[in-house]
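Taking it in order: structure first as structure tokens, then the write-up.
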Amino acid sequence: MPTDDMITPTELRQFHYCPRVVFFARCTPVRRRETVLMTHGREKHESELLRERRRALSRYDLTEGERRYDVRLSSAALGLNGELDLLIVNGAKAYPVEYKNSRRPPDPGHRLQLCAYALLVEAELGLSCPHGYWHSSVTHETHVVAFDRRLRNRTASAIAAVRTLIREERCPEPTRRVEKCLECELRNFCGDTL
Ligand code: SF4
Numbered sequence: 115m116p117t118d119d120m121i122t123p124t125e126l127r128q129f130h131y132c133p134r135v136v137f138f139a140r141c142t143p144v145r146r147r148e149t150v151l152m153t154h155g156r157e158k159h160e161s162e163l164l165r166e167r168r169r170a171l172s173r174y175d176l177t178e179g180e181r182r183y184d185v186r187l188s189s190a191a192l193g194l195n196g197e198l199d200l201l202i203v204n205g206a207k208a209y210p211v212e213y214k215n216s217r218r219p220p221d222p223g224h225r226l227q228l229c230a231y232a233l234l235v236e237a238e239l240g241l242s243c244p245h246g247y248w249h250s251s252v253t254h255e256t257h258v259v260a261f262d263r264r265l266r267n268r269t270a271s272a273i274a275a276v277r278t279l280i281r282e283e284r285c286p287e288p289t290r291r292v293e294k295c296l297e298c299e300l301r302n303f304c305g306d307t308l
């Protein structure tokens with residue numbers, strides 16, 4: 115599969131937030147500008163990853179494991195590529211870890227993103243991912259995300275839906291939750307929302 119046709123776990127999360135975010139990025143020349151909030155979030159994310167190197171594995175309920183940072187993964191069979199913040203490998207099992215600059219617990223979009231990394235790890239590294247971890251850089255809480263059959267199926271459906279959206283280049287309906295538009299940096303391009 116050509117690299118341009120591959121999608122990323124991040125795009126699955128964006129698609130869940132609002133399909134138009136992916137449409138603008140993939141099917142139009144419109145590019146998101148990094149807002150002050152986004153810059154702050156990115157810097158916090160980077161400093162949290164640096165702190166992670168000094169922490170014990172006990173926060174993940176694991177007694178041992180090798181930590182691999184910024185793991186690049188790609189699978190033509192899945193049509194996915196991306197870079198994972200952290201992968202903890204223990205024998206034949208592996209646990210993807212994502213950091214987010216968010217006060218809220220992981221939403222369904224974050225779960226899709228993390229599960230997509232798990233699918234990539236299983237496909238490319240031949241390791242089994244029973245669950246992963248989602249860590250808030252704001253509250254410092256770590257949430258366990260189980261990769262059960264339901265989440266795996268939802269992730270596969272989301273991959274197919276994003277691919278269809280990109281192939282058809284048809285602008286999707288705006289999100290029904292207008293509160294999302296209030297904090298969306300693309301709202302100037304969505305004349306039919308606010
Ligand atoms: S402004 Fe609203 S409809 Fe438009 S991309 Fe952002 S969230 Fe979606």
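Just remember that my numbering sits 114 ahead of the position in the sequence shown, which is counted from 1.
All C-beta atoms in this analysis are idealised placements derived from N, C-alpha and C, irrespective of residue type, glycine included.
Check: Check: V135 C-beta below 7 Å from any heavy atom of the ligand SF4; Outcome: yes
Check: 8 Å Cβ cutoff met for G196 and Y231; Outcome: yes
Check: Length-filtered (4 minimum) alpha helix (DSSP H) runs lying within the stretch 177-264; Outcome: 222-239
Check: Exposed unless 16 or more other CB atoms sit within 10 angstroms - verdict on R134; Outcome: buried
Check: Of the residues E238, R186, R218, the one placed nearest T253, counting alpha carbons only; Outcome: R218
Check: Member of I121, P286, Y131 whose CA lies at the smallest distance from the CA of P222; Outcome: Y131
Check: Beta bridge counterpart(s) of I273 as assigned by DSSP; Outcome: Per DSSP, none; premise fails for I273.
Check: Neighbourhood of I280 by C-beta distance below 6 Å, restricted to the same chain and skipping five residues each side; Outcome: R140
Check: Per-residue burial, L234 [other beta carbons within 10 Å of its own, 16 or more giving buried]; Outcome: buried
Check: Whole-angstrom distance between F129 and C285, CA atom to CA atom; Outcome: 12 Å
Check: The ligand SF4 heavy atom lying under 7 Å from the CB of P288; Outcome: yes
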